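Q: First residue of the sequence shown: 0, per numbering that gives the first Met the number 0; consecutive thereafter.
No residue lacks a Cβ here, since even glycine has one placed at the ideal position from N, Cα and C.
Since this is a predicted model, take the numbers as computed values, not measurements.
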Amino acid sequence: MSKILRDIPITKQSLDNTHYLHHLTRVLVSMAQYGHAVILGRGANYILPPESGLRVRVVAPLEVRRLRLMHEQGYDAKKAAHEIGKHDEEHHDFLQHHFHCKSEEMAYDVVINTAHIETAAAADWIVQLAFAKLKKLILKTSL
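Written as structure tokens, this is what we have:
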């Protein structure tokens, strides 16, 4: 399921489709209710309540992202820069269109800059933070 959701392209045509947001909301709410899911993007942090999970944003400087894309996808520098620019524009347009957000700082529990942190370490940290947040929510609801 995650591969299917990740591979759904966000295009300017889909941004104008109000049905998309309706169905996206239904899928995200179902996944959150079922649990045991990792949701990447799609505005989940704006759709689901903060207590539904850990809201993480993973970032890196443009140059780090470009080098990673060149290494992982075999792109040359120009193609990698183009793909990053395209992705960033689509991401911004999607959030602006559906959620009218100008700033994302408060939409996340934590932001991790992976420029100097290994992916495995970031993943371990995210798991620890998820358990810490769950523990806090359980304690809060038991009072």
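DSSP three-state label for Ile137, please.
A: helix
Q: Can you give, in chain order, each stretch of the alpha helix (DSSP H) that sits fully within the region 78-134 and has at least 4 residues?
A: If we require 4 residues or more, the region 78-134 turns out to have no alpha helix (DSSP H) run fully inside it.
Q: When we look at the beta-carbon of Asn44 and count the other beta-carbons within 10 Å, is it buried (16 or more) or exposed?
A: buried
Q: How about Val55 and Ile125: are their beta carbons less than 8 Å apart?
A: yes
Q: For Val55, report the span of its beta strand (DSSP E) as first-last.
A: 55-58
Q: Quick check: the region 90-104 against the region 29-42, are at least 3 beta-carbon pairs closer than 8 Å?
A: yes
Q: How many whole angstroms separate the CB atoms of Leu27 and Leu53, which I take to be in contact at a CB cut-off of 8 Å?
A: Actually they do not touch by this definition, with Cβ atoms about 15 Å apart.
Q: Label Ile38 either buried or exposed according to how many other C-beta atoms from any shown protein chain fall within 10 Å of its C-beta, with 16 as the threshold for buried.
A: buried
Q: Alpha carbon to alpha carbon, how far is Lys85 from Val109?
A: 25 Å
Q: For Lys150 and Pro60, I'd like the C-alpha separation in whole angstroms.
A: Past the edges of the chain, shown from 0 to 142, lies residue 150, and the structure says nothing about it.
Q: Ordered along the chain, which non-local residues of its own chain (more than five positions away) have a Cβ less than 6 Å from that of Val63?
A: If we look at Val63 and ignore the five residues flanking it on each side, its Cβ neighbours are Ala114.
Q: Please state whether the Cβ-Cβ distance between His68 and Glu82 is less than 8 Å.
A: The sequence given here has Leu at residue 68, not His. In contact: Leu68 and Glu82 (Cβ atoms closer than 8 Å).
Q: CA-CA distance, Ile137 and Tyr74?
A: For Ile137 and Tyr74, the distance between alpha carbons rounds to 46 Å.
Q: Please name the residue, chosen from Glu50, Ala80, Ile116, Glu88, that lies closest to Ala131 on a Cα-to-Cα basis.
A: Glu50
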